[in-house]
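Numbering (full-length UniProt numbering), first residue to last: 1 to 855.
Written out as structure tokens, the structure reads:
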């Protein structure tokens, strides 16, 4: 029996560490966080010192039970969760759960931190145990409480004023504001024309290009020439003055040093992996986690290849520096090694969280040696981390820049520049990626022929080129992470989740590798910026992050911080619930007048997204609605584009006696024949599809439906069906498996009833289930504090009863789904507001049916 219990977060890490510690240790994984705030109002109580009610996370209950069982038999317990605020909080939660279960009596609990998963690092950490850092736990709880209070109080306001189902986050909202403001800059941008003038020089030794720097005795700047006629006139004047050659007036040579970038922090790793590898922030962290937890490396067994990847620090340990310097001397020569190690200043204010930079655990494990043990993504990221860490300890690169001024007569002059590498230094290993190229980048690697003042350089030709200024670029993931870090919004471990939330909520979408805000995202940002200005303010958000860091350092108490935030925030929430009109929060635009009806045309945001409207609800008895097409935005759509939307539904003609038409419904474009609907494929355009194609799609759907049923039973809802993954049994509520050795068509009613009882699971929507099908509610365990536990115990009977009632009600709401017999049944008609156009008859309310309403 193991004497010691050690708890980490991931099973992969547990497996690796277990090999290092031996048989006296049992290593178990918590699988991340073990409990969280109860997902309902009142989980944080501002009137009771911001007391927090926790519940076990359902999927981790079994892991907590395993930890508790092992803790009961162990002599002592080591908490070795990740070395950051979240990891500290997980350790605290585990200790609290074990304490509540009475398993820590006279049993030592130690907190240890592994910044890398290697035998040496683990041995050192185990020799230096400490207590759980209460300040770090307080900071994490304060952040969690703030996020909860913002989400649970601000999101319902968004539901009422913008659109149901929306959410607002304390950190995601300023990030969204950045993306939206950039989009507005792009839309407001007015391009300016300008012209450049260059000389193509035919030097005998090497041709080169020179840019005009002086025209008619004046400095030539970007907007000196702004039209073609002026540019051509200038070109002719210069050409006439040059008379076939340019005169060298000055040659300047300057040697400079370029120093290597520091080793990676979480943020810079995410940025560089995005630029160079095309990785998302989420992918970068997933791959880095694997490299940190351990990879099987030949005879060494499983070993962690990089240090902990969530860090603000750019410092390296003495052991790491020695290791890296040995590799530089061995592989690149002593001339590439500085006399003393290079040290970098970290920007992190939080000394408690400033671990080492992200680096290889041993620089001796070169990328080429490790490549056979790694997946392609792991190899790419390890190569990036290894090269950056090694390069940061090499000598600077020595560059030589030569600039040559060449005159055309007395009034005009050009300049040519080139930069050559004299000593590559660290550039022999690594060069940092860049979002945009500068003039220096264009000159780098360009070598000019030897010239001296007084030389005449033959002139091939002079040409003028038209240009237009470009709008600022949309944010890529790398650029957004960099901006968030510069503003001090969020922390390294949160960037990936911020981005994922914005995409998951459909507040933004990716266009290429850049973020483009959706109409819903813009409406949310507009509402928050207009009515909760302070809480999406960049400086306010950054200051709050600094205060949370101060809590983690023990310099500030977390409850007073919460009180300072909560009072004004709650007052503003209550005020905005009553004072804000929904119509001013959603970005509605008037586009003009419909030439046919003379009615106003506008675009608005509704329940199912943006839509166009013909008519005024206050003056017109009949209104028409049409959903915007994918790729269209209510902020940029023109009246001509909006009017095109009202051409649907289109009547394509007759198939037999049935009329065939196409339209757009809630779930996308469709073709309709009689009462049968069929979705259009991605390549089909509802505005151009012809009758033959529409009929083909409808027939195809009917054929699939006819072939779906293998067997039916009289007086029973159970059917044997063909599914995407093979035959199965379903009664509309439950889906059951069929044994591999049974012929589906030979099953009897008794057999399918038994199989459904033994293997049945709730049917997913689209596979025989209807919305509201029964779903088992997992049981909850004890709460985090004694008070919460007592409250939960008192409420248990009522809660259990509620679960039972919920299950019963849900089951009742999911009637058996009737399958197709000989003919395909009528599909439910898509929402008319999105089917376009919908007419509301005189004398009726504006919205005739709930399903018709666009909002």
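The beta carbon of each residue, even a glycine, is placed where N, CA and C say it ideally should be.
Point to revise | From 673, 711 and 709, residue whose alpha carbon lies closest to that of residue 695 | key: Within the chain shown, numbered from 1, the residue matching residue 695 stands at position 695. The shortest Cα separation from residue 695 among 673, 711 and 709 belongs to 673.
Review point. On the three-state DSSP scale, how would you describe residue 518?
Key: For the purposes of this step, residue 518 is taken as residue 518 along the chain shown, with counting starting at 1. DSSP places residue 518 in coil when its eight states are reduced to three.
**Study point:** Reduced DSSP category for residue 410 - H, G, I as helix; E, B as strand; rest coil
**Key:** As a working mapping, residue 410 is identified with position 410 in the chain shown. Coil at residue 410, not helix or strand.
Exercise for review: Would you mind listing the beta strand (DSSP E) stretches within the region 497-547 that are 3+ residues and don't spill past its ends, in chain order?
Suggested key: 508-511 and 514-517
Exercise for review: Determine, using beta carbons only, whether residue 562 and residue 168 come nearer to each other than 8 Å.
Suggested key: Taking the first residue of the chain shown as 1, we reach residue 562 at position 562. Taking the first residue of the chain shown as 1, we reach residue 168 at position 168. No, the pair does not count as a contact, with Cβ atoms beyond the cut-off.
Point to revise | Buried or exposed (CB count within 10 angstroms, at least 16 for buried), residue 733 | key: Here residue 733 refers to the residue found at position 733 when the chain shown is read from its first residue. When all chains shown are included, residue 733 counts as buried.
Check your understanding: Under 7 Å from any heavy atom of the ligand MN, does the C-beta of residue 557 make it?
Key -> Ligands are entirely absent from the displayed structure, and the ligand MN is therefore not among its contents.
Check your understanding: Is residue 153 helix, strand or coil by DSSP?
Key -> Numbered from 1 along the chain shown, position 153 holds the residue referred to as residue 153. The answer is helix: DSSP assigns residue 153 an H, G or I state.
Review point. Are residue 312 and residue 265 closer than 8 Å when you measure CB to CB?
Key: Reading the chain shown from its first residue, position 312 is the one you call residue 312. Reading the chain shown from its first residue, position 265 is the one you call residue 265. Result yes, Cβ atoms of residue 312 and residue 265 sit closer than 8 Å.
**Study point:** Supposed contact pair residue 624 and residue 613 - C-beta distance, whole angstroms, cut 8 Å
**Key:** Locating residue 613 in the chain shown gives position 613, counting from the first residue. Locating residue 624 in the chain shown gives position 624, counting from the first residue. The Cβ separation is near 7 Å, so the contact holds.
Practice item. In the DSSP assignment, find the unbroken beta strand (DSSP E) run with residue 463 in it and report its ends. Key: Along the chain shown, read from residue 1 onward, the residue named residue 463 stands at position 463. From DSSP, the beta strand (DSSP E) with residue 463 extends over 456-468.
Point to revise | Sheet register partners of residue 26 (DSSP bridge) | key: For the purposes of this step, residue 26 is identified with residue 26 of the chain shown, where counting begins at 1. Checking the DSSP bridge columns, you'll see residue 26 partnered with 5.
**Study point:** Candidates 608, 468, 186 and 590, of which the one nearest residue 601 by Cα
**Key:** Residue numbering aside, residue 601 sits at position 601 when the chain shown is read from its first letter. Checked all of 608, 468, 186 and 590; the closest Cα to residue 601 is 590.
Check your understanding: When you compare only the Cα positions, how much space is there between residue 321 and residue 393?
Key -> Numbered from 1 along the chain shown, position 321 holds the residue referred to as residue 321. Numbered from 1 along the chain shown, position 393 holds the residue referred to as residue 393. Taking the straight line from one Cα to the other gives about 8 Å.
Practice item. Assuming residue 425 and residue 396 form a contact by the criterion Cβ under 8 Å, report the distance between their Cβ atoms to the nearest whole angstrom. Key: Locating residue 425 in the chain shown gives position 425, counting from the first residue. Locating residue 396 in the chain shown gives position 396, counting from the first residue. About 5 Å separates the two Cβ atoms, so the contact holds.
Practice item. Would you kindly check if the distance between the Cβ of residue 172 and the Cβ of residue 528 is under 8 Å? Key: Your numbering for residue 528 matches position 528 in the chain shown. Your numbering for residue 172 matches position 172 in the chain shown. Not in contact: residue 528 and residue 172 (Cβ atoms no closer than 8 Å).
Exercise for review: Compute the Euclidean distance between the alpha carbons of residue 598 and residue 689, then round it to the nearest angstrom.
Suggested key: Residue mapping note: residue 598 aligns to position 598 of the chain shown, counting from 1. Residue mapping note: residue 689 aligns to position 689 of the chain shown, counting from 1. Going from the Cα of residue 598 to the Cα of residue 689 covers about 30 Å.
Exercise for review: Within 10 angstroms of the Cβ of residue 19, are there 16 or more other Cβ atoms? Answer buried if so, exposed if not.
Suggested key: As a first step, residue 19 must be located in the chain shown, where it is residue number 19. Classification for residue 19: exposed.
Review point. Going by other Cβ atoms of all chains shown within 10 Å of its Cβ, with 16 needed for buried, is residue 467 buried or exposed?
Key: Working through the chain shown from its first residue, we reach residue 467 at position 467. Burial call: exposed.
Review point. Residue 18 by DSSP, collapsed to three states: which one?
Key: Counting from 1 along the chain shown, the entry for residue 18 is found at position 18. Looking at residue 18 - three-state DSSP - the assignment turns out to be helix.
Check your understanding: Taking the Cβ atom as the reference point for each residue, do residue 248 and residue 492 lie within a distance shorter than 8 Å?
Key -> Looking up residue 248 in the chain shown gives position 248. Looking up residue 492 in the chain shown gives position 492. Not a contact, by the Cβ cut-off of 8 Å.
Review point. Counting only runs that start and end within the region 272-330, where is the beta strand (DSSP E) found for 3 or more residues in a row?
Key: 295-297 and 301-303
Review point. Hey, quick one: how far does the beta strand (DSSP E) through residue 735 stretch, first residue to last?
Key: Taking the first residue of the chain shown as 1, we reach residue 735 at position 735. 734-736 is the extent of the beta strand (DSSP E) around residue 735.
Review point. According to DSSP, is residue 569 helix, strand or coil?
Key: By one-based count along the chain shown, residue 569 stands at place 569. Residue 569: helix per DSSP, three-state reduction.
Review point. Among 155, 679, 685 and 104, which has the Cα closest to the Cα of residue 40?
Key: Translated into the one-based positions of the chain shown, residue 40 becomes position 40. Considering only alpha carbons, the answer is 155.
Check your understanding: By the 10 Å Cβ neighbour count, where 16 or more other Cβ atoms means buried, how is residue 619 classified, buried or exposed?
Key -> On the chain shown, residue 619 is found 619 positions in, with the first residue counted as 1. Residue 619 sits exposed, since fewer than 16 C-beta atoms from the chains shown fall within 10 Å of its C-beta.
Point to revise | Complete alpha helix (DSSP H) runs within the region 367-412 (minimum length 4 residues, chain order) | key: 367-370 and 376-391
Check your understanding: Which one of 544, 703, 141 and 721 has the shortest CA to CA distance from residue 731?
Key -> The count along the chain shown starts at 1 and reaches residue 731 at position 731. Comparing alpha-carbon positions, the option among 544, 703, 141 and 721 lying closest to residue 731 turns out to be 721.
Check your understanding: Tell me which same chain residues have a C-beta within less than 8 Å of the C-beta of residue 10, skipping the five on either side of it?
Key -> Residue numbering aside, residue 10 sits at position 10 when the chain shown is read from its first letter. Same-chain partners within the cutoff: 29, 31, 32, 289 and 293.
Review point. Quick check: the region 473-487 against the region 131-151, are there 3 or more CB pairs under 8 Å?
Key: No: the two stretches stay apart, fewer than three of their Cβ pairs being nearer than 8 Å.
Exercise for review: Under 8 Å by Cβ, that's how I've got residue 536 and residue 605 pegged, so tell me the actual separation to the nearest angstrom.
Suggested key: As a first step, residue 536 is located in the chain shown; it is residue number 536 there, counting from the start. As a first step, residue 605 is located in the chain shown; it is residue number 605 there, counting from the start. Between residue 605 and residue 536 the Cβ distance is about 19 Å, and since that is not below 8 Å, they are no contact.
Check your understanding: Just to confirm, are residue 17 and residue 6 a CB contact at a threshold of 8 Å?
Key -> Position 17 of the chain shown, counted from the first residue, corresponds to residue 17. Position 6 of the chain shown, counted from the first residue, corresponds to residue 6. Result yes, Cβ atoms of residue 17 and residue 6 sit closer than 8 Å.
Review point. When the Cα atoms are used, what is the spatial distance from residue 807 to residue 735?
Key: The sequence position of residue 807 within the chain shown is 807, counting from 1. The sequence position of residue 735 within the chain shown is 735, counting from 1. Any reading at residue 807 is ruled out, since the residue's pLDDT is 38, under 50, leaving its predicted position unreliable.
Check your understanding: CB-CB under 6 Å to residue 279, same chain, minus the five flanking residues each way: which ones, in chain order?
Key -> Taking the chain shown and counting its residues from 1, one reaches residue 279 at position 279. Same-chain partners within the cutoff: 273.
Check your understanding: What's the C-alpha gap between residue 667 and residue 284?
Key -> On the chain shown, position 667 is the one that residue 667 refers to. On the chain shown, position 284 is the one that residue 284 refers to. Between residue 667 and residue 284, the C-alpha separation is close to 33 Å.
Point to revise | Pick from 761, 379, 586 and 753 that is closest to residue 716, judged by C-alpha positions | key: In the chain shown, the residue the question calls residue 716 occupies position 716. For the set 761, 379, 586 and 753, the Cα lying nearest the Cα of residue 716 is the one of 753.
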